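Everything below concerns the one structure shown next.
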Amino acid sequence: KEILMVMKNKMVYAMGKNFNGFLGTGDANSTLYPRKVDALCKKNIKTFAYGNGSHILALTNEGEVC
């Protein structure tokens, strides 16, 4: 229902239902088009973890959980 993408330039974009603000875009509005996630941009994101429909976490290459 939600998709998060890390681009080669380290910009992070999200799209989807945005249930409970999962996308991290500062609101709970659903979007069919990618929106920039400012809080994660320019971080060295390694992977995302989806937590049982209640949250999404980002892990950096340095071990920081966002």
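Offset between the sequence shown (1-based) and the numbering used here: plus 2. By construction, the Cβ of each residue, glycine as well, lies at the ideal position given by its N, Cα and C atoms. As the structure is a prediction and not an experimental result, all values here were calculated from the model.
Query	Result
Cβ-based neighbour list, Thr-62, same chain, cut-off 8 angstroms, excluding 5 preceding and 5 following	Lys-45, Asn-46, Ile-47, Lys-48, Cys-68
Boundaries of the beta strand (DSSP E) in which Gly-53 is found, first to last residue	47-53
Burial state of Leu-34 (16 or more Cβ within 10 Å)	exposed
Counterpart residues of Gly-18 in DSSP-defined beta bridges	Glu-4, Thr-33
C-beta contact flag for Val-8 and Thr-27 at 8 angstroms	no
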